[in-house]
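One structure is given below, encoded as structure tokens.
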Amino acid sequence: MRTVGLGVGVGVLSAVVGLLPWIVTGMRLPLQNLWATSTTDAADMPVALLPFSQYSVGLIAAMLLVGGALAGLVVRVLGARLGLSGRLGTVLALSGVLVVQLVALVQAAVVTGAGLRMDTSFGTGAAISASQVYLVALVAGTLLAIALALVVLVVLARTRAAVAVVAVALVALATGSWVDAFLVSPVGFADGSVSAVLAVTRWLPAVLLGLGIAWSGLRTVGQVVGSVLALVVLWTGSAAVTALTSALGTRVYLPYPLELASFGAEVFRSALGPAGTGLGSALVALLIGGAGGLVVRWWRSRAVAGRRPVR
């Protein structure tokens, strides 16, 4: 019974930690374009466990991924000490994460749905309101992020380092957005001093993945392939995040899915090149991973030499 409580507790606590950037803001639902009553004061909005807004989809995904990743890392690193090693520990932690994230999703969806105007609106192409499309899209996207968070949890907790390093790339991207959310509110803008800090934290995903590659090692073909895939995920993932946030943040395209997709694809292609952050981040991660891998190999060889008997 103690093991069950501990395993579920690890998952619950990890999921709550993942939500911290939103919790510290007071959890007031962001101002909505489709709100039934006119308001410009965030204090008038209800409390929501997730920042349901098209401008916050990146943060929602980041918080859910960080929660799942943290639980997976705890099981992997401390599972033996806590009695959570093996499949059971992973399932228990996963259950805790799932409960918290589903509760947050349901509460946010109910609160948001209760406040949106549900009249039939132009631009949906059907006898449904834009608010309904908006709410369903947010719920579906959040469910997808929860599923991805659970996959990341299992991969980090149970798979070999050569596989886990690919998940580390996703977690690194999420952690960058997660940390930035402490500096800038989900719908706010950064001032000069904060912008200077953000210029530094933009390299956090690259540093984290570089450390992950160094931890995984580059000694086998599997480890090399895993590290290359992780770098590709960081590169393309950065571009995808930029494209998604840019497209969803442009209100004029929201009623027109084809134009929205076209605009997002254009931003994605641009962000893949030097104008985006992904390529530079991948190169920095490669340098850190390569140098770190050499240091780890030297340290391990030194440790092995130290254990050999003196003749």
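Quick note: the sequence shown, position 278, residue 1333 per my numbering, numbers continuous. By construction, the Cβ of each residue, glycine as well, lies at the ideal position given by its N, Cα and C atoms. None of the values given here were measured: they were computed from a predicted structure.
Distance check for Tyr1311 and Ala1229, CA to CA, integer angstroms please.
28 Å
Can you tell me which of the three DSSP states Pro1085 falls into?
coil
Go to Pro1312, then tell me how far its alpha helix (DSSP H) extends in each direction, as first and last residue.
Pro1312 to Leu1327
Please determine whether the Cβ atom of Leu1273 lies at a distance below 8 Å from any heavy atom of the ligand NAD.
Of ligands this structure carries none, so the ligand NAD is not represented either.
Starting from Trp1233, trace the alpha helix (DSSP H) in both directions and tell me its first and last residue.
Ala1216 to Leu1238
Quick one: give me the first and last residue of the alpha helix (DSSP H) that Thr1197 is part of.
Ala1185 to Arg1213
Contact between the segment 1211-1224 and the segment 1284-1291: three or more CB pairs below 8 Å?
The segment 1211-1224 is in contact with the segment 1284-1291.
What's the gap between the Cα of Thr1179 and the Cα of Ser1325?
With a pLDDT of 48 at Thr1179, under the threshold of 50, the modelled position of that residue is not reliable, and no figure is offered here.
How would you write the range of the alpha helix (DSSP H) that Ala1302 sits in, first residue to last?
Val1276 to Leu1303
Whole angstroms are fine: how far does the CA of Leu1299 sit from the CA of Gly1113?
8 Å
Taking the C-alpha atoms as reference points, what is the distance between Trp1258 and Val1063?
33 Å
So, helix, strand or coil for Leu1068, using DSSP?
helix
Which ranges would you report for the alpha helix (DSSP H) in the segment 1099-1182 if only whole runs of at least 4 residues count?
1112-1137 and 1142-1170
Take Arg1355 as the anchor and find which of Leu1315, Leu1153 and Gly1272 has the nearest alpha-carbon.
Gly1272
Is Gln1087 closer than 9 Å to Thr1167 when the C-beta atoms are compared?
yes
Would you say the segment 1089-1102 touches the segment 1146-1158, given that touching needs at least three Cβ pairs under 8 Å?
no
Across which residues does DSSP place Trp1090 in a beta bridge pair?
Leu1171
Between which two residues does the alpha helix (DSSP H) holding Asp1307 run?
The residue asked about is misnamed: residue 1307 is Val in this sequence, not Asp. Unbroken run through Val1307: none, as it is neither H nor E.
Would you call the segment 1125-1140 in contact with the segment 1061-1075, where contact means no fewer than 3 C-beta pairs closer than 8 Å?
Between the segment 1125-1140 and the segment 1061-1075, the count of Cβ pairs shorter than 8 Å is three or higher; the stretches touch.
With a threshold of 8 Å, are at least 3 pairs of Cβ atoms found where one atom belongs to the segment 1312-1321 and the other to the segment 1343-1354?
no
If you follow the alpha helix (DSSP H) that Leu1273 is part of, which residue opens it and which one closes it?
From DSSP, Leu1273 is part of no alpha helix (DSSP H); its letter is neither H nor E.
I'd like to check one pair, Pro1260 with Gly1231: are the Cβ atoms closer than 9 Å?
yes
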